[in-house]
Amino acid sequence: MEGESLWFLSQVLAESGDSDQAIKWCKTALDIFKRISHPEAKKVREQLLAWGGTTEENCLTDGG
38 MEGESLWFLS
48 QVLAESGDSD
58 QAIKWCKTAL
68 DIFKRISHPE
78 AKKVREQLLA
88 WGGTTEENCL
98 TDGG
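Numbering (this note's numbering), first residue to last: 38 to 101.
Take a look at the structure:
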């Protein structure tokens, strides 16, 4: 539930133009989703990358 709320918050922030905060909360949501193997984790990761954020995976490999 917390991850879903943060994911929603990140989308709202992105739509309002606050991309730095959107990326911050999207990363947090992704961490939560990965921890619990949430089915939306892939979608959240893809959106984070589209916004210009980085993930641990794409820092270590060329695409995760």
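Every residue, glycine too, gets a C-beta built ideally from N, C-alpha and C.
1. Quick one: what's got a C-beta closer than 7 Å to residue 90's C-beta in the same chain, skipping five residues either side?
2. CA-CA distance, residue 79 and residue 66?
3. Output needed for residue 102: all residues of its chain with C-beta closer than 6 Å, excluding positions within five of it in sequence on either side, in chain order.
4. For residue 2, does the count of other Cβ atoms within 10 angstroms reach 16, so buried, or fall short, so exposed?
5. Which residues mark the beginning and the end of the alpha helix (DSSP H) in which residue 42 is found?
For this structure:
1. 60, 63 and 64
2. 11 Å
3. Missing from the structure shown is residue 102; the chain here goes from 38 to 101 and no further.
4. Lying outside 38 to 101, the shown extent of the chain, residue 2 is not represented and no answer is given.
5. 39 to 52
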